[in-house]
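Chemist: I'd like to ask some things about the structure below.
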Amino acid sequence: MSSALLALVATFALVMAVELPDKTFVATLVLTTRFRVLAVFTGVVAAFAVQSVVAVAFGSALTLLPEPLVSAVVAVLFGAGAVLLLREGFRRAEDGAHDAARSGPRPVTFLRSAMTSFGVLFAAEWGDASQLATAGLAARYAQPFAVGLGAFLGLVCVAGLATFIGHKIRGRLRPRLLQRVSGFVFAGFSAFALGSALFAL
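Counting in the working numbering, the sequence shown runs from -3 upward without gaps.
So, in structure tokens, the structure goes:
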């Protein structure tokens, strides 16, 4: 498997695992109960495209730094992602999303629905675990296009699931458990990157 394909697959799988139980999934699900499905999906996908480019650009800039420093920054990024995921995974579940989901769709224009969805998801993704992971993987693999595409496809798949069959999947999955597992995986990546940084000194 080429390094570019490996970077794409690894990023796609990691983003999917991180985002399925995350606020991105829930926010998209709630938005589809208020606005038209196509408008929500359009706005969400546009937000993900911008956020993926931002994350990859940040990660690519890191490759210009010395190897030990890159590994240290990657360790910090994955460590921050682990903290975010574990904090969410061990926090008490909130019922706000369920309450919001009871509201019926609102008669709003396509453009306004799409822009609202874009704004909500664009804000939600800043500093999110998947954005940190994308930046870290872009720095690690030095394959910005493959990592960016993998992250974008992963986010789009999550949005698609939330838009069309999210309510069914959410009743069967255990989001908190998945967040905890993903958090420990991130912590492992952070420890590995930190070890690489110390070994390179």
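Yeah, the Cβ is synthetic: ideal placement off N, Cα and C, and Gly gets one too.
(1) Among SER126, TRP122, ALA135 and ALA138, whose alpha-carbon lies nearest the alpha-carbon of LEU151?
(2) On the CB-based measure, 16 or more other CB atoms within 10 Å of its CB, does THR105 come out buried or exposed?
(3) Compute the beta-carbon to beta-carbon distance between SER113 and PHE21, rounded to the nearest angstrom, for a pair I have assumed lies under 8 Å.
(4) So, for PRO140: in the same chain, excluding its five sequence neighbours on each side, which residues have a beta-carbon less than 6 Å away from its beta-carbon?
(5) Compare the Cα-Cα distances from ALA189 to each of THR24, PHE44, VAL36 and GLY75 and report the closest residue.
(6) With burial defined as no fewer than 16 other Cβ atoms inside 10 Å of the residue's Cβ, what is the status of PHE8: buried or exposed?
(7) Under the rule that 16 or more other beta-carbon atoms within 10 Å means buried, what is GLY144, buried or exposed?
(8) Let me make sure I understand the geometry here. Which of ALA23, ALA158, GLY132 and PHE180 has the alpha-carbon closest to that of SER48?
(9) What residue from ALA129, ALA193, ALA147 and LEU80 has the CA that sits closest to LEU1's CA?
(10) Is THR24 closer than 7 Å to ALA110 when the C-beta atoms are compared?
Modeler: Short version:
(1) When only C-alpha atoms are compared, the closest one is SER126.
(2) Exposed, by the Cβ-count rule.
(3) Actually they do not touch by this definition, with Cβ atoms about 14 Å apart.
(4) So the qualifying residues of the chain are VAL52, SER56 and ALA134.
(5) Of THR24, PHE44, VAL36 and GLY75, the smallest CA-CA separation from ALA189 is found for GLY75.
(6) Burial call: buried.
(7) With 16 or more Cβ atoms within 10 Å of its Cβ, GLY144 is classed as buried.
(8) Its Cα nearest to that of SER48, the residue GLY132 stands out among ALA23, ALA158, GLY132 and PHE180.
(9) The shortest Cα separation from LEU1 among ALA129, ALA193, ALA147 and LEU80 belongs to ALA147.
(10) Contact flag unset, no.
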